[in-house]
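A short write-up of the structure that comes next.
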Amino acid sequence: MEEVKDMYGARDAACFAPFDYAAVKCFNDGKFNIRSSISFDSGRIRCRVKGTKEGHEIDLSNLDVKFMMDDVELDRNHFYHKKQNVFAMYVPKLRKAEWDCLSCEVHDGEDVLTRAEKCRR
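Reading the sequence shown from the start, the letters are residues 727 to 847 in the working numbering.
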């Protein structure tokens with residue numbers, strides 16, 4: 727980790743798995759990239775997370791995702807599923823519910839790595 731920090735001038739870096747490093751707060755370098763997108767349909771919210779290291783996709787399925795409706799975290803009692811860097815939460819009658827924006831935050835422990843938001847308007 728120190729080598730990565732020294733090499734790129736990073737102040738703080740996060741580790742994914744034993745050997746995958748990605749700087750998430752410190753610098754903007756095309757060699758390290760984590761991004762997310764959010765989509766929904768009538769009963770499901772999906773958060774797609776993509777991470778690359780030096781142009782190669784890395785597995786981020788060990789991370790945690792928080793789903794929110796108008797910045798209020800949704801109850802985890804709803805069925806939650808993750809597969810191949812796509813995290814999904816099932817919310818009954820999602821389209822009929824009253825909300826302005828849906829969002830997802832990708833976390834590594836307490837650190838927020840990326841956030842995606844989709845609003846109705």
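Cβ atoms here follow ideal geometry from the backbone N, Cα and C, with glycine treated the same way.
State yes or no: is the C-beta of residue i within less than 8 Å of the C-beta of residue j?
{"i": "C845", "j": "C830", "result": "no"}
{"i": "N760", "j": "A814", "result": "Reading off the sequence, residue 760 comes out as Ile, not Asn. Cβ distance not < 8 Å, so I760 and A814 don't count as in contact."}
Does the Cβ of residue i have 16 or more other Cβ atoms within 10 Å, making it buried, or fewer, making it exposed?
{"i": "S787", "result": "exposed"}
{"i": "V832", "result": "buried"}
{"i": "G781", "result": "exposed"}
{"i": "G777", "result": "buried"}
{"i": "V775", "result": "buried"}
{"i": "V798", "result": "exposed"}
{"i": "F742", "result": "Summary for F742: the model assigns pLDDT 45, below 50, so the residue's position carries little reliability, and this model does not support an answer."}
{"i": "G756", "result": "Note that G756 has pLDDT 47, beneath the 50 cutoff, so the model's placement of it is unreliable and no number is given."}
Quick one: measure Cβ to Cβ for residue i and residue j, integer angstroms, because I've assumed they're closer than 8 Å.
{"i": "V812", "j": "G769", "result": "No, V812 and G769 are not in contact; Cβ-Cβ is about 16 Å, not under 8 Å."}
{"i": "F766", "j": "L820", "result": "6 Å"}
What number of angstroms, rounded off, separates the C-alpha of residue i from the C-alpha of residue j?
{"i": "W825", "j": "M795", "result": "6 Å"}
{"i": "C773", "j": "A823", "result": "19 Å"}
{"i": "Q810", "j": "E843", "result": "20 Å"}
{"i": "L839", "j": "K808", "result": "17 Å"}
{"i": "V750", "j": "S763", "result": "Bear in mind that the predicted position of V750 carries a pLDDT of just 44, short of 50, making it unreliable; the figure below should be weighed with that in mind. Spanning the two alpha carbons is a distance of roughly 17 Å."}
{"i": "E783", "j": "R847", "result": "33 Å"}
{"i": "G835", "j": "V791", "result": "10 Å"}
{"i": "F862", "j": "R802", "result": "The question about residue 862 has no answer here: the residues shown for the chain are numbered 727 through 847."}
{"i": "R841", "j": "L789", "result": "13 Å"}
{"i": "K779", "j": "D837", "result": "19 Å"}
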